[in-house]
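A.B. asks:
In the numbering used here, the protein residues as written are 5 to 578.
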């Protein structure tokens, strides 16, 4: 019958039992006499509500409405009418496991493969439920065993997804395609590794026949059964695959091993299982820095990202090389070592928990601040990462402690060098990380407070400088720490004199700080430090990394050596 004739009206209040159509209310009330009376008056059984439900859809919801269905069908109700989601009455009955209703519709020769708007058939729905008689009836009536929905899933995939072993057996016995693939080119067996039901996995293995080829099958993008099991934390299936001879050296299209997925699955037992069965030479080949490096290649970074400290210890204990342990993540055009990744991107790790991770990395010299053989990308250095991890609004953070751990291990604070001032110092000034600046100066071979003061004044004169309301705190520190103002005072005088009217009120207080200190007579002690540091700087000009060591080797009392190294800055408070 033409649907255009039947769609004579729409009831928009289906959800309200007091405002639905009289026919719909009669069906819901299971009042067969009222249904017959309304039909006799000429009321169409095919008027849909705003869902597209007709009286047949309403009556399909329960097995005790079969007699009403007989009346409606005998009165010409359209058995293939679809809702707005494309669901026929048979589809609704299968979805609700109304076995007698399904049997009745099939006896009326309804279309058994009529799918909804997502290409889901009644058999798909039946396989997601637990009424096996319905599945058998649909198959007997000619249901397409291999029909695919919009995601290329067959009824077998539905039975696997909803962990329905009896339905799987029925489908396999009926001859469904057990080697088909979904949108992601996964086979039903691979899909079962994702779902994680061991009984289903065993059913499929038995049906397909165990073989190395089967166990090591890969999707079009290289994913193996083992990768699928590990990705979804299904340890029992992963363990069984290993016992069946799963090849842990297989990689996907990105060059990732099952081990990479294990490092990111947040289950240490899965990681331990896979790492014990992955040859070290394979790990060296696929988990070290290469030209085609991706952000997922670094095992330590994957473990950090999931806060798997026990997994990281396991990786260290397994005895992989420093190249594996120092493998960076590629973030855009930047290489980020595991230490830098921990400090900048370890968002799942509490600030105070990062210390134990850092301590582990600092136990190996090669991991403290590694460099990489790739001239096309920059490298985020460890100290700079520690500085950048501090934000201007941080309160009671652990940033100072983490920075101290690095500097106490002699990690270089003077790299990368940006023009006159190393980048960590610039970032510390930008974030007004004053405690960080104190530590950097005390461990630097290149920088004195005067250098930073001049640089800061230069920044203030730039039209692109972004004010952050912390300038007075920063200037107060730099003025307090500095001794020589012969360049800074004239420079800031020029800056304040030429400042535009809108910036003058901001710059003037900074100028006054410099002026007040510059016009004072500096102490002989501080002037002596300035002179000695300059002389040692000249003496170590060809090897600046020896500057601090040369200061330490002077035949002076320990207290004076500490003073020359600016250790008094470490007690600075603001």
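Quick reminder that beta carbons are idealized off the backbone N, C-alpha and C, glycines included. In this text, all values refer to a predicted model and were calculated from it rather than measured experimentally.
Are the segment 255-264 and the segment 209-216 touching, with three or more C-beta to C-beta distances below 8 Å?
C.D. replies: no
A.B. asks: Consider the C-beta atom of residue 194 and the heavy atoms of the ligand NAD; say whether any pair is separated by less than 8 Å.
C.D. replies: For the ligand NAD, the structure offers nothing, since it holds no ligand at all.
A.B. asks: On the criterion of 16 or more Cβ atoms from any shown chain inside 10 Å, does residue 384 qualify as buried, or is it exposed?
C.D. replies: buried
A.B. asks: Compute the beta-carbon to beta-carbon distance between residue 153 and residue 121, rounded to the nearest angstrom, for a pair I have assumed lies under 8 Å.
C.D. replies: No, residue 153 and residue 121 are not in contact; Cβ-Cβ is about 10 Å, not under 8 Å.
A.B. asks: Could you spell out where the alpha helix (DSSP H) holding residue 92 opens and where it closes?
C.D. replies: It is not in any alpha helix (DSSP H) - residue 92 carries neither H nor E in the DSSP assignment.
A.B. asks: Counting C-beta neighbours from all protein chains within 10 Å, is the total for residue 227 16 or more, i.e. buried, or is it exposed?
C.D. replies: Per the 10 Å Cβ criterion, buried.
A.B. asks: For residue 338, name the three-state secondary structure that DSSP assigns.
C.D. replies: strand
A.B. asks: Closest to residue 358 by C-alpha separation, out of 381, 83, 312, would be which residue?
C.D. replies: Taking only the C-alpha atoms, the option nearest residue 358 is 312.
A.B. asks: Return the residue from the list 195, 534, 53 that minimises the CA-CA distance to residue 235.
C.D. replies: 195
A.B. asks: Taking only runs that begin and end inside the segment 237-324, name each unbroken alpha helix (DSSP H) of 4 or more residues, in chain order.
C.D. replies: With a minimum length of 4 residues, the unbroken runs of alpha helix (DSSP H) contained wholly in the segment 237-324 fall at 239-247, 262-266, 272-280, 284-290, 303-309, 313-322.
A.B. asks: CB residue 401 to CB residue 355, shorter than 9 Å?
C.D. replies: yes
A.B. asks: Name the residue from 300, 337, 432 whose alpha carbon lies nearest to the alpha carbon of residue 378.
C.D. replies: Comparing alpha-carbon positions, the option among 300, 337, 432 lying closest to residue 378 turns out to be 337.
A.B. asks: Return yes when the Cβ of residue 386 is within less than 9 Å of the Cβ of residue 415, no when it is not.
C.D. replies: yes
A.B. asks: Less than 8 Å between the CB atoms is what I'm expecting for residue 429 and residue 411, so what's the real figure, rounded?
C.D. replies: Their Cβ separation, rounded to whole angstroms, is 13 Å, which puts residue 429 and residue 411 out of contact at 8 Å.
A.B. asks: Below 8 Å on the Cβ atoms is my guess for residue 417 versus residue 444; work out the distance and round it to an integer in Å.
C.D. replies: 5 Å
A.B. asks: Go ahead and pull the three-state DSSP assignment for residue 426.
C.D. replies: strand
A.B. asks: Ignore the nearest five residues each way along the sequence and tell me which others in residue 576's own chain have a CB closer than 6 Å to its CB.
C.D. replies: 442
A.B. asks: Could you name the residues of the same chain whose beta carbon sits closer than 6 Å to that of residue 427, not counting the 5 residues immediately before and after it, in chain order?
C.D. replies: 388, 420
A.B. asks: Residues in the same chain with beta-carbon distance under 7 Å from residue 493, minus the five sequence neighbours each way, listed in chain order, please.
C.D. replies: 518, 519, 522
A.B. asks: Out of 85, 533, 477, 242, which has the shortest C-alpha to C-alpha gap to residue 274?
C.D. replies: 242
A.B. asks: Go ahead and pull the three-state DSSP assignment for residue 221.
C.D. replies: coil
A.B. asks: Identify which residue in 244, 315, 328 has its Cα closest to the Cα of residue 285.
C.D. replies: 328
A.B. asks: Hey, residue 303 and residue 291 are a contact pair by Cβ (cut 8 Å); roughly how many whole angstroms apart?
C.D. replies: 5 Å
A.B. asks: Among 462, 539, 189, 536, which has the Cα closest to the Cα of residue 579?
C.D. replies: Outside the modelled stretch of the chain, which goes from 5 to 578, sits residue 579, for which no answer is possible.
A.B. asks: Given that a residue counts as buried once 16 or more other Cβ atoms are within 10 Å of its Cβ, and exposed if not, what is residue 436?
C.D. replies: Looking at its Cβ environment, which holds 16 or more other Cβ atoms inside 10 Å, residue 436 is buried.
A.B. asks: Ignore the nearest five residues each way along the sequence and tell me which others in residue 345's own chain have a CB closer than 7 Å to its CB.
C.D. replies: 305, 308, 333
A.B. asks: With DSSP collapsed to three states, give me the class of residue 477.
C.D. replies: Secondary structure of residue 477 (DSSP, three-state): helix.
A.B. asks: Relative to the C-alpha of residue 335, which residue among 319, 382, 370, 362 is closest?
C.D. replies: 382
A.B. asks: Quick check: the Cα distance between residue 70 and residue 51, rounded to an integer number of angstroms?
C.D. replies: Computed Cα separation, rounded: 20 Å.
A.B. asks: Here's the rule: buried if 16 or more other CB atoms are within 10 angstroms of the residue's CB, otherwise exposed. What is residue 553?
C.D. replies: exposed
A.B. asks: Could you work out which residue in 347, 340, 353, 368 is closest to residue 323 when comparing CA atoms only?
C.D. replies: 368
A.B. asks: In the DSSP assignment, what residue or residues form a beta bridge with residue 333?
C.D. replies: 340
A.B. asks: Are residue 567 and residue 449 closer than 9 Å when you measure CB to CB?
C.D. replies: no
A.B. asks: Does DSSP classify residue 407 as helix, strand or coil?
C.D. replies: helix
A.B. asks: Quick one: what does DSSP say residue 375 is sitting in, helix, strand or coil?
C.D. replies: Taken through DSSP and simplified to helix, strand or coil, residue 375 comes out as coil.
A.B. asks: Taking only the alpha-carbon atoms, compute the straight-line gap between residue 134 and residue 107 and give it to the nearest angstrom.
C.D. replies: 16 Å
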